[in-house]
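S.K.:
In this note's numbering, the protein residues as written are 83 to 493.
(1) Does the segment 359 to 374 come close enough to the segment 266 to 273 to have 3 or more Cβ pairs within less than 8 Å?
(2) Under a three-way DSSP split, which group does residue 482 fall into?
(3) Going by DSSP in three states, residue 247 sits in which element: helix, strand or coil?
(4) Ignore the nearest five residues each way along the sequence and tell me which others in residue 171's own chain have a CB closer than 8 Å to its CB.
(5) Quick check: what's the CA-CA separation for residue 340 versus residue 351?
(6) Which runs of the beta strand (DSSP E) spanning at least 3 residues fall entirely within the segment 399 to 467, listed in chain order?
(7) Please check the pair residue 221 and residue 266, which I expect to be a contact at CB under 8 Å, by giving their CB distance rounded to whole angstroms.
(8) For the candidate residues 213, 193 and 195, whose alpha-carbon lies nearest to that of residue 202?
(9) Rounding to the nearest angstrom, what Cα-Cα distance links residue 223 and residue 236 in this structure?
(10) If you compare alpha carbons, which of 416, 389 and 393 is closest to residue 309?
(11) Under a Cβ-count criterion, where at least 16 other Cβ atoms within 10 Å of its own Cβ denotes burial, should residue 239 be classed as buried or exposed?
(12) In angstroms, rounded to a whole number, what distance separates the CA positions of residue 375 and residue 274?
(13) Of the choices 193, 210 and 206, whose alpha-carbon is the least far from that of residue 200?
(14) Would you call residue 443 buried or exposed, if buried means 16 or more other Cβ atoms sit within 10 Å of its Cβ?
(15) Taking its Cβ as the centre, do 16 or more other Cβ atoms sit within 10 Å of residue 510, making it buried, or is it exposed?
(16) Give a yes or no on whether the minimum CB-CB distance between residue 231 and chain C is below 8 Å.
(17) Kindly list the residues whose CB is nearer than 6 Å to the CB of residue 429, restricted to its own chain and excluding five residues on each side of it in sequence; keep chain order.
(18) Looking at residue 355: is its Cβ nearer than 8 Å to the Cβ of residue 414?
(19) Work out the CA separation of residue 346 and residue 457 for me, nearest whole Å.
(20) Is there at least one non-hydrogen atom of the ligand HEM closer than 7 Å to the beta-carbon of residue 234?
(21) Give a yes or no on whether the C-beta atoms belonging to residue 42 and residue 196 are separated by under 8 Å.
(22) By Cβ distance, which residues of its chain are closer than 6 Å to residue 291, with the 5 residues on each side in sequence left out?
(23) Would you mind stating whether residue 229 and residue 302 have Cβ atoms separated by less than 8 Å?
(24) Leaving aside the five residues before and after residue 469 along the sequence, list all residues of the same chain whose C-beta is less than 8 Å from its C-beta, in chain order.
(25) Put residue 233 into one of helix, strand or coil per three-state DSSP.
(26) What does the Cβ neighbour count give for residue 326, buried or exposed, with the cut at 16 atoms within 10 Å?
(27) What residues match up with residue 200 in a beta bridge as DSSP calls it?
(28) Do you know whose CA, among 276, 250, 405 and 287, lies nearest residue 260's CA?
(29) On the three-state DSSP scale, how would you describe residue 268?
(30) How big is the Cα-Cα spacing for residue 441 and residue 232?
(31) Just verifying my parser: in three-state terms, what is the DSSP assignment at residue 352?
(32) Just mark residue 147 as buried or exposed, buried being the case when its beta carbon has 16 or more other beta carbons within 10 Å.
(33) In whole angstroms, what separates the C-alpha of residue 424 from that of residue 217?
(34) Can you check which of these residues, 111, 173 and 452, is closest to residue 344 by C-alpha distance?
(35) Between 174, 386, 329 and 392, which lies nearest to residue 44 when the distance is taken from Cα to Cα?
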């Protein structure tokens, strides 16, 4: 819908002030207000009143803060659009590989307007460039970043020495840096990876540098997840960490991945949801039919969830787990119903379905609404699943059990 054009209130203000001035003059002269004539001195008095108010209009009327709020809302909407465009790189990518990270950085480069984006992996005193896009400023060529007890330093080549870039906060906030030694400005975004490894995403420009117009916390979360997915894809090339039949991660991988995602959600203050899934009647199927149903469930999950989400086989046969990053309780319910609908549709092609009593149940719990730590979240998700099975309803959220639920877009 087209946005309405803002009405300029200056003309109304001017007219009202003239009328008020006339009324005040009439009252001062003890004359009826309809019998006041605008002589030159009176007109000057009116103009003085108008000018005085217009001079202080920003303080009196708050005009400028309104404009600032309007501009901030517009910038916020643009940042969200930019973030969705960045996520689209992963959504539209045919495969998860090392080239995906470079494509994401190229798209991020177009969005933020920087000349260069580089990701460094910081291990002890070592600094290794993982990926990059654009042209590095001359001042960064040969320079390396060092992490010393949660404080980032940049060491310049030759005898230029080093400078402190900034301290890493608990929430991995962006660090703005301007060198006092050389002509260099940059924005450094800390990234926490698997096993608490630290990476640094550096935005820099050859000329005047500006902060990237994108939500930095969400960008950090996206890049961390992307790096984890790429690392996992590389490690699972031999199939050791994935179930050969469904292509989902093995249950043994769940605990470590779940702990990492809970820590990320806490660090960036993002919502997250956990699905525990069980298929009733699965154990009554023969081996061949059970494999078909497992593949059908895995396919429904892959089609309905995003690539940023993580899907696992459960501890027992016919059980599955899914971690939905940046997803609230309300949106998780929408996604769960999408999974169940896709699962049911895929099973229509199987003849044995008619004689079986198969049904997919999903229990869900959300961080931080239902629990603020991993063990509690898993326990409440399982409790929701048991409640769904007992009540014979396909989906049950822990928030529904307690009569509370909140939501946000699953973008």
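Built from N, CA and C at the ideal position, the CB exists for glycine as well.
M.R.: On the basis of the supplied data:
(1) no
(2) helix
(3) strand
(4) 182, 185, 186 and 189
(5) 16 Å
(6) 401 to 407 and 441 to 449
(7) 4 Å
(8) 213
(9) 12 Å
(10) 389
(11) exposed
(12) 37 Å
(13) 210
(14) buried
(15) Residue 510 lies beyond the range of the chain shown here (83 to 493); nothing can be said about it.
(16) The structure shown has no chain C; it contains just one protein chain.
(17) 378 and 435
(18) yes
(19) 15 Å
(20) Looking at this structure, you won't find the ligand HEM or any other ligand, since it has none at all.
(21) Absent from the model: residue 42. The displayed extent of the chain is 83 to 493, so no value can be given.
(22) 267
(23) no
(24) 445, 478 and 483
(25) strand
(26) exposed
(27) 214 and 284
(28) 287
(29) strand
(30) 50 Å
(31) coil
(32) Confidence is the limiting factor: at residue 147 the pLDDT is only 49, short of 50, which leaves the residue's position unreliable and the question unanswerable from this model.
(33) 45 Å
(34) 452
(35) Given that the chain is displayed from residue 83 to residue 493, the structure contains no residue 44 and the question cannot be resolved.
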